[in-house]
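Undergrad: Mind having a look at this structure? Questions to follow.
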Amino acid sequence: MLITIGYIIISIGLIFMLIGFIGLFKYKNFYSRVLVSSVIDTASFITITIGIIFIKGFSFFSLKTVLILLLMLFLNPLATHTIARGAYTSGLRIGDDD
Numbered sequence: 001m002l003i004t005i006g007y008i009i010i011s012i013g014l015i016f017m018l019i020g021f022i023g024l025f026k027y028k029n030f031y032s033r034v035l036v037s038s039v040i041d042t043a044s045f046i047t048i049t050i051g052i053i054f055i056k057g058f059s060f061f062s063l064k065t066v067l068i069l070l071l072m073l074f075l076n077p078l079a080t081h082t083i084a085r086g087a088y089t090s091g092l093r094i095g096d097d098d
């Protein structure tokens, strides 16, 4: 039962990834693309990791996976902010890359 739930959650994460991938091609602005890529990273990574935890069961492996998940929840927005801030400080303004 938990394995089936895990595969369903992983499938939802892959759907998030596909929708975000389509969104990357929809938007032409750099900052919009950075926002969409951040959502892809965060939403799909969370759901796929939780699905893996359900498939493997609750064990020491799951604890390590949860620690990696918490680390990535902190580092993904930080990296996205750094990329966007670097683009802004280098002179890229909204509407310059259309």
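Every letter in the sequence shown is one number past the one before it in full-length UniProt numbering, and letter 22, counting from 1, is 22. C-beta atoms are modelled at their ideal positions from N, C-alpha and C, and glycine is treated no differently.
Taking C-beta to C-beta, are Ile-5 and Phe-54 nearer than 8 Å?
TA: Within the sequence shown, numbered from 1, the residue matching residue 5 stands at position 5. Within the sequence shown, numbered from 1, the residue matching residue 54 stands at position 54. In contact: Ile-5 and Phe-54 (Cβ atoms closer than 8 Å).
Undergrad: Please work out which residues of its chain come closer than 7 Å, Cβ to Cβ, to Thr-49, disregarding the five sequence neighbours upstream and downstream, and give them in chain order.
TA: Counting from 1 along the sequence shown, the entry for residue 49 is found at position 49. Contacts found: Thr-65, Leu-69.
Undergrad: The alpha helix (DSSP H) spanning Phe-54 covers which residue range?
TA: As a position in the sequence shown, residue 54 is number 54, starting the count at 1. Element bounds for Phe-54: 45-56.
Undergrad: Would you be able to state if there are at least three C-beta pairs under 8 Å between the region 78-89 and the region 16-29?
TA: no
Undergrad: On the CB-based measure, 16 or more other CB atoms within 10 Å of its CB, does Ile-10 come out buried or exposed?
TA: Mapped onto the sequence shown, residue 10 falls at position 10. Per the 10 Å Cβ criterion, buried.
Undergrad: Quick check on the burial criterion: 16 or more other C-beta atoms within 10 angstroms. Buried or exposed for Gly-95?
TA: Residue 95 sits at position 95 when you count from the first residue of the sequence shown. Counting Cβ neighbours within 10 Å, Gly-95 comes out exposed, since fewer than 16 surround it.
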